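Protein chains in written order, with this note's numbering: chain A, 1 to 415; chain B, 1001 to 1415. Don't be surprised by glycine CBs; every beta carbon is placed ideally from N, CA and C. Predicted model, so just to flag it, every value in this text is computed and none were measured. The structure appears below as structure tokens.
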């Protein structure tokens, strides 16, 4: 195969390369195994060669080599995605960004990071200067800045600051094109959409400039309700309370909290502190909810859904009543288009694929739309058509051979 | 009159008293003269005696003396109100809080102040510790903390943090009752509504605990549009952009900006700095808009209106088209019930009272409701019925003789 071609290896001379089969297998995976469907499709997929760049120049060299030799190139951040975003479908090079991890600046509401900086490290560093990340995924400790903007959409903080795609969240992306002579492009404003949430299919994100929030002394609170509908209305009202400054507003139906018990009362109130020995509350939320359930029960999987604006609480309660404990309701409240809405990562007692899609069709009758977590296809994730067109056009320009994360962008595959 | 009664004066022995007629006249006024209607009603109203307490104990002594002698008692903050909130209708004592001005604490998101602390001073002090006021009126430099919570509703910052009455904005009020043996009561939670926005009719607010926001390096930006409708849609979209952290989102129709010109271009972008020599952008907004217009044209007055949720931009544009330059459109965007809405302080070319109410009726056909700025009556200001009932009940308990700011609470007067 081309990745072991001596001429190709020579082009990468002096770079850190890894080709041990165990490493290739382990590092080519993310958390797609939450989905039995993706597990069947993606198990065994692996890169042929891992390259670990330490500078942007080294990234440029790898991109140039892949373009010249026609080798697929997939970028790996913290590999905390849930849809196989970084799983190489056609082998080739896996570009592991773990060592491209310098913080370039933190100042007055903005921070600029190399793509491989871990979000938790970035956040702690910002906090020392009185700032914090506006939002982060529940995988904050492992996930990287680059991986988040390429594969994520929202997170802890979205109840106040909205989505990653909202103007003002991501201030700039520096990307490397995949061409024989790669270009370095600084994307700002609407152009950020060319690479944001594109799974690295359009270019290689090497630097990320994020808007920061002033650091806040957070408090973690858990509250129990006897009734799901009452809890759902409370979560919505809390999310609409402009005077209560929130970082997270999560709703879990029973029996989900049972998976979280750690020998204490479920209700909680404590000051948030950075401490590796304590599981932060956010590690029970977003898609960590599913992970916590999977730790206890390997047979569950999950759905990911978007709720109708202005009627989300009603839809949430109706779906809870429709499916009961088969689909354990779990909603993450967040700002969307200036309104308090929720999306949901429901934990599902899995029987088979047919039943899963039946559940999805049932949800659709309630106005709840799927953002399919059982697909590795970019366009199945509710990416807006505007971004999809922009990204396809940019890919034609920046990756004319279609080498970047091949098989993930269906519009490119179809074209 | 009782305020000059030797026995009453003896009860106030040792307190700072002022009874010079010029001082009595000047200090009994606020900015009600923006309204030709209030001007006719309130000109000449004045207290009989001013007391300037330096401690809460001194406030208690004044309250006790007024209760024993049946003397009306009105509290004066910065006297920046626009509805005669602090104008004594029945003479008596004016309690000038200017020297009750200690900052009691600033820590981790909360600040506690004596009522007479000026908002600008409080804000600067908080900023030194990395915090800032969540919201303040455009009269920030003069207005006091106590006056704001008793007579204000929202302000600069409301586009992000909502209204003063929203849970989490005001954390506590310490009040003194008007009884022969006054009580000191700490109000928290829903009880805050007993004194919040009550014009000092229910009790005397002596301490205020406010939620603080992390300090932010603000930038002032002014932008010109050719078309009012485009500007209105932009202001709404900006206010709904969760990723853009705003402090102020104000919309002014031409010719309002002409009143503001200071020999330069109208468009502006500069870092906000505390500097007495520079007029901050917020001193052209909220009801400073009207003041800036009045400085140039003494014949204008204003309206104050609330817009329909979800249809506010359409109503704004329709009213601009209905009245043109007679009613110069001016909107302050803010969060209300979790949504981006606006209220308006329209500058009106005044002809007579009949025409003013005709304009109001025209507005009402567009779904725009008046929060009457030409009335000194508390209940005419859109106070919610819930608060009105709570306040009436609390007044019965804390001011059984009805001595506090008499004539302002219509429910009391009627009962």
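What does residue i touch in chain A if you count any residue whose Cβ is under 7 Å from its own?
| i | result |
| --- | --- |
| residue 1215/B | 214 |
| residue 1337/B | 240 |
Who are the neighbours of residue i on chain B, taking C-beta pairs under 7 Å?
| i | result |
| --- | --- |
| residue 244/A | 1167 and 1168 |
| residue 108/A | 1217 |
Looking at the strands, I want to know which residues DSSP matches up with residue i.
| i | result |
| --- | --- |
| residue 1113/B | 1103/B and 1208/B |
| residue 137/A | According to DSSP, residue 137/A bridges with nothing at all. |
| residue 342/A | 333/A |
| residue 328/A | 347/A |
| residue 1269/B | 1221/B |
| residue 1132/B | 1213/B |
| residue 1252/B | 1330/B |
Would you mind telling me which residues of chain A sit closer than 9 Å to residue i, beta carbon to beta carbon, in chain order?
| i | result |
| --- | --- |
| residue 1161/B | 242, 243 and 245 |
| residue 1223/B | Simply none; closest approach about 15 Å. |
Please say whether residue j and residue i have beta carbons closer to each other than 8 Å?
| i | j | result |
| --- | --- | --- |
| residue 182/A | residue 403/A | no |
| residue 134/A | residue 212/A | yes |
| residue 1360/B | residue 1309/B | no |
| residue 147/A | residue 103/A | no |
| residue 1168/B | residue 241/A | yes |
| residue 1163/B | residue 1154/B | yes |
| residue 232/A | residue 251/A | yes |
| residue 1160/B | residue 1336/B | no |
| residue 18/A | residue 69/A | no |
| residue 1268/B | residue 1220/B | yes |
| residue 111/A | residue 210/A | yes |
| residue 1087/B | residue 1128/B | no |
| residue 77/A | residue 48/A | no |
| residue 315/A | residue 307/A | yes |
| residue 1282/B | residue 1084/B | no |
| residue 1330/B | residue 1365/B | no |
Express the C-alpha separation of residue j and residue i in angstroms, rounding to a whole number.
| i | j | result |
| --- | --- | --- |
| residue 994/B | residue 1345/B | This structure cannot speak to residue 994/B, because chain B is shown only from 1001 to 1415. |
| residue 152/A | residue 137/A | 8 Å |
| residue 1199/B | residue 82/A | 56 Å |
| residue 1301/B | residue 1035/B | 6 Å |
| residue 253/A | residue 349/A | 14 Å |
| residue 1179/B | residue 1095/B | 16 Å |
| residue 1028/B | residue 1318/B | 39 Å |
| residue 1108/B | residue 215/A | 11 Å |
| residue 1066/B | residue 1093/B | 8 Å |
| residue 1370/B | residue 1193/B | 22 Å |
| residue 1341/B | residue 1060/B | 41 Å |
| residue 1157/B | residue 121/A | 31 Å |
| residue 1191/B | residue 1037/B | 34 Å |
| residue 1176/B | residue 1391/B | 15 Å |
| residue 1126/B | residue 271/A | 22 Å |
| residue 74/A | residue 405/A | 5 Å |
| residue 351/A | residue 284/A | 24 Å |
| residue 1010/B | residue 1294/B | 44 Å |
| residue 1243/B | residue 1050/B | 49 Å |
| residue 203/A | residue 374/A | 24 Å |
| residue 394/A | residue 378/A | 15 Å |
Are there 16 or more other CB atoms within 10 angstroms of the CB of residue i, so buried, or fewer, so exposed?
| i | result |
| --- | --- |
| residue 1201/B | buried |
| residue 131/A | buried |
| residue 343/A | buried |
| residue 58/A | buried |
| residue 1144/B | buried |
| residue 105/A | exposed |
| residue 1226/B | exposed |
| residue 1218/B | buried |
| residue 1119/B | buried |
| residue 13/A | exposed |
| residue 124/A | exposed |
| residue 1286/B | buried |
| residue 1063/B | buried |
Taking residue i as the query, report the chain A residues whose CB atoms sit under 8 Å from its CB, ordered along the chain.
| i | result |
| --- | --- |
| residue 1130/B | 130 and 214 |
| residue 1340/B | 338 |
Kindly list, in the order they appear in chain B, the residues whose Cβ is closer than 8 Å to that of residue i.
| i | result |
| --- | --- |
| residue 127/A | Result: empty, since nearest Cβ-Cβ is about 11 Å, beyond 8 Å. |
Using 7 Å as the cut-off, classify the Cβ of residue i as near or not near the heavy atoms of the ligand COA, replying yes or no.
| i | result |
| --- | --- |
| residue 1377/B | Although the ligand COA was asked about, the structure shown includes no ligands whatsoever. |
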